[in-house]
Each structure stands twice: as C-alpha cells, then as structure tokens.
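Residue numbers (the working numbering), protein chains in the order written: chain A, 13 to 321; chain B, 13 to 321. Okay, so here's the structure we're looking at.
Number of protein chains: 2
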Amino acid sequence: MRSIVYSIKQVVEMLDIPSVTLRAWENRYQAVVPERTESGYRLYNQENIEDLRWLKEQTDKQGISISHAVRMLKQHKQKDLDERLSVAGGDPKDALDKMRQQIYAALLDIQGERADALIDFGFSLYGYEAMVHQVLVPVLVKVGDAWEQGTATVAQEHYMTHMISNRLSQFFHVFPVYAHLHKVLAFCPAGEHHQVGLLLFSLFLRRNGVEVIYLGANTPEDGVMELLEKQERIGAVCLSVTNGTLVPYTEELLERLGSLYPEMQLIVGGRAYEAISLQDTNATYVMAEPPEKWQAWFDQEYATIRHRA
Amino acid sequence: MRSIVYSIKQVVEMLDIPSVTLRAWENRYQAVVPERTESGYRLYNQENIEDLRWLKEQTDKQGISISHAVRMLKQHKQKDLDERLSVAGGDPKDALDKMRQQIYAALLDIQGERADALIDFGFSLYGYEAMVHQVLVPVLVKVGDAWEQGTATVAQEHYMTHMISNRLSQFFHVFPVYAHLHKVLAFCPAGEHHQVGLLLFSLFLRRNGVEVIYLGANTPEDGVMELLEKQERIGAVCLSVTNGTLVPYTEELLERLGSLYPEMQLIVGGRAYEAISLQDTNATYVMAEPPEKWQAWFDQEYATIRHRA
DNA sequence: CAAATTATTTACACTCATTATACAATTGCA
DNA sequence: TGCAATTGTATAATGAGTGTAAATAATTTG
Numbered sequence: 013m014r015s016i017v018y019s020i021k022q023v024v025e026m027l028d029i030p031s032v033t034l035r036a037w038e039n040r041y042q043a044v045v046p047e048r049t050e051s052g053y054r055l056y057n058q059e060n061i062e063d064l065r066w067l068k069e070q071t072d073k074q075g076i077s078i079s080h081a082v083r084m085l086k087q088h089k090q091k092d093l094d095e096r097l098s099v100a101g102g103d104p105k106d107a108l109d110k111m112r113q114q115i116y117a118a119l120l121d122i123q124g125e126r127a128d129a130l131i132d133f134g135f136s137l138y139g140y141e142a143m144v145h146q147v148l149v150p151v152l153v154k155v156g157d158a159w160e161q162g163t164a165t166v167a168q169e170h171y172m173t174h175m176i177s178n179r180l181s182q183f184f185h186v187f188p189v190y191a192h193l194h195k196v197l198a199f200c201p202a203g204e205h206h207q208v209g210l211l212l213f214s215l216f217l218r219r220n221g222v223e224v225i226y227l228g229a230n231t232p233e234d235g236v237m238e239l240l241e242k243q244e245r246i247g248a249v250c251l252s253v254t255n256g257t258l259v260p261y262t263e264e265l266l267e268r269l270g271s272l273y274p275e276m277q278l279i280v281g282g283r284a285y286e287a288i289s290l291q292d293t294n295a296t297y298v299m300a301e302p303p304e305k306w307q308a309w310f311d312q313e314y315a316t317i318r319h320r321a
Numbered sequence: 013m014r015s016i017v018y019s020i021k022q023v024v025e026m027l028d029i030p031s032v033t034l035r036a037w038e039n040r041y042q043a044v045v046p047e048r049t050e051s052g053y054r055l056y057n058q059e060n061i062e063d064l065r066w067l068k069e070q071t072d073k074q075g076i077s078i079s080h081a082v083r084m085l086k087q088h089k090q091k092d093l094d095e096r097l098s099v100a101g102g103d104p105k106d107a108l109d110k111m112r113q114q115i116y117a118a119l120l121d122i123q124g125e126r127a128d129a130l131i132d133f134g135f136s137l138y139g140y141e142a143m144v145h146q147v148l149v150p151v152l153v154k155v156g157d158a159w160e161q162g163t164a165t166v167a168q169e170h171y172m173t174h175m176i177s178n179r180l181s182q183f184f185h186v187f188p189v190y191a192h193l194h195k196v197l198a199f200c201p202a203g204e205h206h207q208v209g210l211l212l213f214s215l216f217l218r219r220n221g222v223e224v225i226y227l228g229a230n231t232p233e234d235g236v237m238e239l240l241e242k243q244e245r246i247g248a249v250c251l252s253v254t255n256g257t258l259v260p261y262t263e264e265l266l267e268r269l270g271s272l273y274p275e276m277q278l279i280v281g282g283r284a285y286e287a288i289s290l291q292d293t294n295a296t297y298v299m300a301e302p303p304e305k306w307q308a309w310f311d312q313e314y315a316t317i318r319h320r321a
C-alpha cells in the first residue's frame, strides 16, 4: 500500500484551494480529515486528495455548496457503514465487546437513532443468539448496575431499559411455537412494576418453542385465576418479583396455585428471589443468574413434561 | 441505503421552478415535503424530484392548476395502496373490519400465535398507516372499553394491551427522524403505570419525524429534570395520566417545567385529562381524542417551531 | 537564529435559505 | 359579468452557510 503524504502547501498547489479554505472545510464539515504529525501539521494522503478534488469539482463547476457536496461525498462513500463495519474487523470477541460499549454509550447519551442503527447492524452481523445474549442482555444488566451505583440517572435507566426491552420483545413473535410443549403464563404480581427479568426469562422460553402468555407487570390475582381456569395446557406459571416486601404475598399466591394445580410448574425469579433457595419457597424452580443454567433446567424439567389428559 | 438528496438550489436548476414557488407549493398543498437538514434547509430526494417534475409537466403543458395536479398526484399515490388493499379481494373496508374482529377475538382467546400471524398478514397487506390507525388502535381502544365494562378480565386486558403495544412500539425505530424538529420527552409521572396513550401519541410524533425520548411509565421527577438540563433541543414534554388523583401533582410539575423552560411545549393526555380543557391546566396542549386532530395541532404548533439560540 | 510554514481562533462580509406577509394576475364559478 | 378563490411572485426580516483575513503561537528548515 502506497503511503505518500502531502503537506498542506503541496495540496494548495496541486488543487488550487487556499489553505484557509482547506482548514475551514475540515473544521466546519469534517469534509476531509487528514492525519497529523506529532506537532499537529496536516498530512494529506492520496484518498484525501481525491476527495478534495471531487469536492472542488462539485463546488466550482456544478455550483453546489460545500456543505452539500460534503453530504453527498459522505453518502457516496457510505462512511457510516464503513465506520460500523470497522467494528466487525478483528477478533469477534473484541467486536462484541465494542458493540456493547457503543450501544451502552449511545443509550447513555440518549442517542436513540444511533443505538437503533447499531442494534440493527449487530443483528445483521451476529444474528439473534449472539446479539441477545452477549450484547443486549449484558447491556441491560449494566444499565441496572449503573442505576444502582448512581452512575446513571433514573431517566437514563428508564430510557435505556425501554429501548432494549422494546427490541427484545420484538422477537416474541418470530420464533416458532412447538405445540407439544405446555404454555407458560408469565406475570409480575400486583404491586410489582419491574418486568425486565420476567421479559428475559419469557424470551428464553419463547426461544425454546414455548408459547408464553405474557401479562407483564402489576397483574392482580383474580385475573390470573380466571385465565388459568379457562386456558388449557398451561404447564407453568412464571413470576418475577423485585420488591422484597412482596415475597410473603407471592409465597401465599404460589401456595394457592400449587394446591389448585398440583402438576403446575411454579417458577419465580427477580431480585427479591436472588438469595432464596428452592427449600425456602413454594416454587418449583428459581430462575436465578446465570441464564446459562436455565437451559439445563428447561431440558430436564420442562421440555419433558407430557400432556395431561 | 439512503438516496441522494438535493438542495433547493439544485432543484431550481434541474426543474426550472423558482424556489419561491417550491416553498409555496409545499406550504399551500403539501405537494412535496422534503426532509430537512438540522438547520432547516430543504433536502429533496429522488422521489421528490420525480413528483415535482410530474407536477410541472401537468401545470406547464397540460394547463392543469397546481392544486388540481397535487390532488391527482396524491390520488395516484393512494391508488398504489388501494391496489394492495384490493389484493385481498372484496371491499377494503369490510376487510379491515374483519381483521379488527379477528385480531380482537384471537387476543381475547389468548391465542398469541394466531393474533401475531393476523397482524403480520395485515401489515404485509395494508401497510403501516391503515393497519395501525384502522386496526390496531381501534382494537386497543376496544380492549380498554371491554375492561371498563367488565367484558374482559384484567388478565385479558393485560395480555391484549401488551401484545398490541408491543407490535406498535416496533415502529419506533423505523421512521426517519427530521433533525430540524425539536425532540420530545415522553413519560408518565411517578405513580402512573398506564402508558398506552403515551405510546400512541409518541408514535404519532415519531411518524411525523420527531425524535421521541420515551421514558415510559412511572418516571420520577428528578430524573426528568436532569435529562432536560443535559439534553439540548427538547421542544416539548409529553405526559400521560390515567389516574385522576395524580392530576394535582401533574399540574405542579407542569408549572415547574413551564417556569424553568418557558418556551417548552407542555403536552398532557390520558383518561385523567379527557374532560379538562386548556384553560384549566398549565399545559399548552391537551391530546384528547380524536387522534385526527393531533395532525392539525402538530402542523400548526409544533412543526413550525424554530430553533432557539 | 531568522525565515518560512503551519496551526488555532476570531471576525467579517457576502451569499443563500427560511418564514411571513403582501399583492397583482388569473381562474373558477354563480 | 362579477366576485372570491387561486396562484405565481415580490419583499422584508432573520438566521445559516462560506470564503477569506488578521492576530497570535508553535514548528520546521536552512
């Protein structure tokens, strides 16, 4: 690869553009951003020259304004895509890490457009599994941590959580349902408004072919009961609780459910159940971290349930 | 991939239509509505050019008046949609009505698979506008009504609301953002957990090219304030309140916002504000039914806001 | 070291685009 | 015909885009 570089004076002579103008174009529009020497002198490479020549052509002969010419140039070169593609180069591990960081940074900065573009790009590049489990979920966890540690404001947490869970829940309806599996009823009990954990676990089940009836946050008990009576083939109820004070009520609820439907799997999770083991609850499975263990549970405990008559 | 865009000067030269006329056509008939740069300069894309060329052809050579030509153009474009509609056979009105009923029935019956399939099918057949405004939103309204009247259980309401608002929020990131418009901050105040109205209005704004920072339900005040300080170019705050007891607090919040940011548009909506008129609130716009009126408000009150220094 | 080159910052005309309003000329229609 | 709506254009005020210049400081070169 050729690496001839030119000083600004050489460029001025080659292209007949005053140095003042070159600098103005760079500062104002990032039209052409040359490398610099250690002391800050500009070093234009061949590509820079070509770009500048093209820009001059547009402005001089076509009468196009410089700002517009730069817009066209950038579009033409698909600069944006190139930047994002550079994420893909190198080690895939680094790439995913970089993607995590960039998405997190974009969200922290409330740059929805950019975050969406990054996520779209990530899906096209890495597919569902890698993107969800190695990028979006970690970002979501990081958001929660940042909030707890005060690194992010409440509004930032809300925004980031919404953006990501929105993207995640898109996948709810794209996976096939395996009809031989029992359905799962997922909800947070009345008073509980935090549904991220529930969403993640529901998505995990959905990915495994389970039809999930997702009721979301703050669902009163009577509604659930009616639904269980009407619907057949519900094999599990999945609850997520963050608010610790709701645990006693949740346990009562679990007990009622267990006595009404003895064959039903009762799954609990969420912050409030993080430190609670199976012995201390009426549930039949506690979905704690890490999500990798979920698969083992699913394969052994859920996928094997046969139909009831 | 984005298409090439042209400045107004280029369009003038290409089509030989004075810029003054181009602007008049846009203002008077919305003949061709180009995107804008961040500073509000018009950016015409290829489709805009084609439309303008066609309009000029009609007016110059065919002697047709511009208003009539625009009507024809819009009719012409509508025809594409109609053709897609008629693919389904029969009267499109009946078809949409049938789709509403089927989707509602599927949701009421907790048949997520079927509802999703119907919705997918509907989008592919009728496109975004028809599907959202004539099917999903009406279904959502019907769900709310059914819940109030006791025709649906709480669980059914939760489920249906979740399914539909999930599908709706997918569109959040597919529409282009017009950078010259101010952003909108959308949230429900602390204590308010019902965000359907907020979602619909946010989606409406998003559809009109506004970047919406969506914080969702139950957002505490301090987070919002921090965000407003940090973010620039937020032109409006949008609040939705269902719980009537929160109105006094909301009004206080609005007053604080109004005194801190006198230029900010303050939009309120939701059940709690249904019967409240502009005189009785500190807000600058009440987003009440019907959504058709939103467009008039937007065109007059929001799309025309200029930049602050 | 002195001269030449380059960099940053600030400023200033000058052009161009924006909105809003106004105003004839034309058109449509009762 | 007469009158109001339509329509292309003109103008004014404001702000953004753009080339260039000056002041000042740092670096390179002979």
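Idealized CB from N, CA, C, for every residue including glycine. Bear in mind that the values here come from a model prediction, so they are computed numbers and not experimental data.
Residue-chain proximity (residue i, chain A), Cβ-Cβ < 8 Å
i	result
serine 31 of chain B	no
methionine 111 of chain B	no
phenylalanine 184 of chain B	yes
proline 201 of chain B	no
serine 19 of chain B	yes
Distance, residue j Cα to residue i Cα
i	j	result
phenylalanine 133 of chain A	glutamate 241 of chain A	44 Å
glutamine 113 of chain A	lysine 154 of chain B	42 Å
methionine 84 of chain A	proline 201 of chain A	54 Å
alanine 315 of chain B	glycine 281 of chain B	19 Å
glutamine 168 of chain B	glutamate 267 of chain B	38 Å
glycine 270 of chain A	methionine 237 of chain A	12 Å
isoleucine 131 of chain A	threonine 257 of chain B	39 Å
proline 150 of chain A	valine 253 of chain A	20 Å
glutamine 307 of chain B	tyrosine 56 of chain A	50 Å
threonine 163 of chain A	histidine 170 of chain A	13 Å
valine 128 of chain B	valine 166 of chain B	Looking at the sequence shown, residue 128 of chain B is not valine but aspartate. If I take the Cα positions, the gap works out to 21 Å.
tyrosine 140 of chain A	lysine 195 of chain A	23 Å
isoleucine 29 of chain B	glutamine 312 of chain B	26 Å
valine 24 of chain B	isoleucine 20 of chain A	36 Å
threonine 33 of chain A	tyrosine 190 of chain B	30 Å
Sequence-distant residues of its chain with Cβ nearer than 6 Å to residue i (five each side left out)
i	result
glutamine 146 of chain B	Leu108
isoleucine 78 of chain B	Thr71
glycine 228 of chain B	Gln207
leucine 197 of chain A	Ile225, Ile246 and Val249
arginine 126 of chain A	Ala118
Element boundaries [beta strand (DSSP E), containing residue i]
i	result
asparagine 230 of chain B	224 to 231
tyrosine 196 of chain B	The displayed chain sequence assigns valine, not tyrosine, to residue 196 of chain B. That run of the beta strand (DSSP E) goes 195 to 201.
valine 253 of chain B	No beta strand (DSSP E) holds valine 253 of chain B; DSSP gives it neither H nor E.
Beta carbon proximity, residue i to chain B, threshold 8 Å
i	result
phenylalanine 135 of chain A	no
isoleucine 16 of chain A	no
aspartate 234 of chain A	yes
isoleucine 279 of chain A	no
alanine 316 of chain A	Per the sequence presented here, residue 316 of chain A reads as threonine, with alanine not at that position. No, its Cβ sits nowhere closer than 8 Å to a Cβ of chain B.
leucine 239 of chain A	yes
glutamine 87 of chain A	yes
histidine 170 of chain A	yes
valine 189 of chain A	yes
valine 166 of chain A	yes
aspartate 128 of chain A	yes
Residue range of the alpha helix (DSSP H) that includes residue i
i	result
valine 155 of chain B	149 to 160
phenylalanine 213 of chain B	208 to 219
serine 177 of chain A	166 to 181
glutamine 22 of chain B	20 to 27
Own chain partners of residue i with C-beta closer than 7 Å, once the 5 adjacent residues on each side are dropped
i	result
alanine 81 of chain B	Leu67, Gln70 and Thr71
methionine 143 of chain B	Gly134 and Phe135
histidine 174 of chain A	none
Spatial neighbours of residue i in its chain, beta-carbon cut-off 8 Å, leaving aside the 5 residues before and after
i	result
methionine 26 of chain A	Tyr18 and Ile61
histidine 88 of chain A	none
serine 15 of chain A	Asn57
arginine 65 of chain B	Leu27
glycine 209 of chain B	Ser252, Thr254, Gly281, Gly282, Arg283 and Met299
phenylalanine 183 of chain B	Tyr140, Val144, Leu215, Arg218 and Arg219
(message) Going residue by residue through the region 30 to 90 of chain A, where are the continuous alpha helix (DSSP H) segments of at least 4 residues, counting only ones entirely within it?
(response) 31 to 41, 58 to 73 and 78 to 89
(request) Jot down the residue ranges of each uninterrupted beta strand (DSSP E) in the region 265 to 304 of chain B, minimum 3 residues, whole runs only, in chain order. (result) 277 to 281 and 297 to 299
(message) Going residue by residue through the region 111 to 143 of chain B, where are the continuous alpha helix (DSSP H) segments of at least 4 residues, counting only ones entirely within it?
(response) 124 to 143
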